[in-house]
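First the structure, in the form of structure tokens, and then the observations on it.
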Amino acid sequence: MASVNVMRKVEISSDAVSVDGVALPVCGSGEAMLDWIYRTHVGGYPKYHKMDLLCKLGFIASELLLAGEDGRFVPRDDRAVILFNRTGSQCDDLRYLSTITEGEGYFPSPAVFVYTLPNIVTGEIAIRNKYYGETSFYLISGPDTGMMLELAGQAMDCGGVSSALTGWVECPGEDKLECMMMLAEKTVNFAD
């Protein structure tokens with residue numbers, strides 16, 4: 089398996105953000121905090137306002153992680169997006185369920201239904217950054233950095249992939265955020 093090196097790391101909780109271990113000043117908490125970060129540090133991507141909470145969390149983490157990267161937004165097929173969480177898209181699943189369980193108010197919302205798949209966050213990140221490599225979303229019992237980096241390494245072993253955005257992106261409830269996203273690159277071994 090390819091060895092990987094973590095190049096950058098972003099951590100987001102309900103009321104705090106750090107980039108490479110340095111706290112980022114924030115305003116608000118939960119989704120309000122993500123929206124503030126979007127307005128203050130990202131902007132210019134109108135699709136953000138249509139995203140569910142899980143997508144917003146993953147999108148903001150990826151934007152902070154990739155800020156200032158050389159060649160950003162140039163199409164590439166050598167970067168994978170591999171994310172993990174425990175509850176999938178549960179927040180949006182429950183939101184969608186409320187649109188179909190009311191007798192007289194029955195109106196399935198296609199705008200909400202779109203986000204009832206957790207892998208939509210990997211797709212949003214790939215579309216934004218023009219990544220054409222592997223994207224996948226796994227459900228596991230809890231954050232396991234070793235497993236995340238191992239799967240990123242396996243993706244890099246499959247040929248053509250030299251780096252991956254990987255990590256834990258979890259929204260166990262409204263305004264409850266857990267995120268740890270890393271940019272990992274294949275370690276070059278000159279002995280091979």
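All the letters of the sequence shown, read from the start, carry residue numbers 89 to 280 under my numbering.
Don't be surprised by glycine CBs; every beta carbon is placed ideally from N, CA and C.
What are the boundary residues of the alpha helix (DSSP H) that residue 146 is part of?
Residue mapping note: residue 146 aligns to position 58 of the sequence shown, counting from 1. Where residue 146 is concerned, the enclosing alpha helix (DSSP H) stretches over 141-154.
Exposed unless 16 or more other CB atoms sit within 10 angstroms - verdict on residue 203:
Position 115 of the sequence shown holds residue 203. The residue is buried, with at least 16 neighbouring Cβ atoms inside 10 Å.
Close-in-space but distant-in-sequence residues of the same chain around residue 115 (CB under 6 Å, 5 per side omitted):
The residue given as residue 115 occupies position 27 in the sequence shown. Contacts found: 124.
Grouping DSSP H, G and I as helix and E and B as strand, with all else coil, what is residue 209?
Position 121 of the sequence shown, counted from the start, is the residue given in the question as residue 209. Correct three-state label for residue 209: helix.
What are the boundary residues of the beta strand (DSSP E) that includes residue 237?
By 1-based counting over the sequence shown, the position of residue 237 is 149. Looking at the DSSP string, residue 237 is not in any beta strand (DSSP E); the run it does join, the alpha helix (DSSP H), is 233-245.
Using a Cβ-Cβ cut-off of 6 Å (strictly less than) and excluding sequence neighbours within five positions of residue 176, which residues of its own chain qualify?
For this step, residue 176 is matched to residue 88 along the sequence shown. Within the same chain, residue 176 has close Cβ partners 206 and 227.
Check for me: the alpha helix (DSSP H) holding residue 200 runs from which residue to which?
Locating residue 200 in the sequence shown gives position 112, counting from the first residue. Start and end: 198-201.
Integer Cβ distance of residue 272 from residue 95, believed to fall under 8 Å:
Walking along the sequence shown from the start, residue 272 turns up at place 184. Walking along the sequence shown from the start, residue 95 turns up at place 7. The Cβ separation is near 7 Å, so the contact holds.
Would you kindly check if the distance between the Cβ of residue 221 and the Cβ of residue 158 is under 7 Å?
If you number the sequence shown from 1, residue 158 lands on position 70. If you number the sequence shown from 1, residue 221 lands on position 133. Not closer than 7 Å, so no.
Look up residue 115 in the DSSP assignment and say whether it is helix, strand or coil.
Start at 1 with the first residue of the sequence shown, and residue 115 comes out as number 27. The answer is coil: DSSP assigns residue 115 none of H, G, I, E or B.
For residue 100 versus residue 267, is the C-beta distance shorter than 7 Å?
As a first step, residue 100 must be located in the sequence shown, where it is residue number 12. As a first step, residue 267 must be located in the sequence shown, where it is residue number 179. Against a cut-off of 7 Å, the Cβ pair of residue 267 and residue 100 comes out as a contact.
In three-state DSSP terms, what is residue 285?
The structure shown does not extend to residue 285, since the chain spans only 89 to 280, so no value can be given for it.
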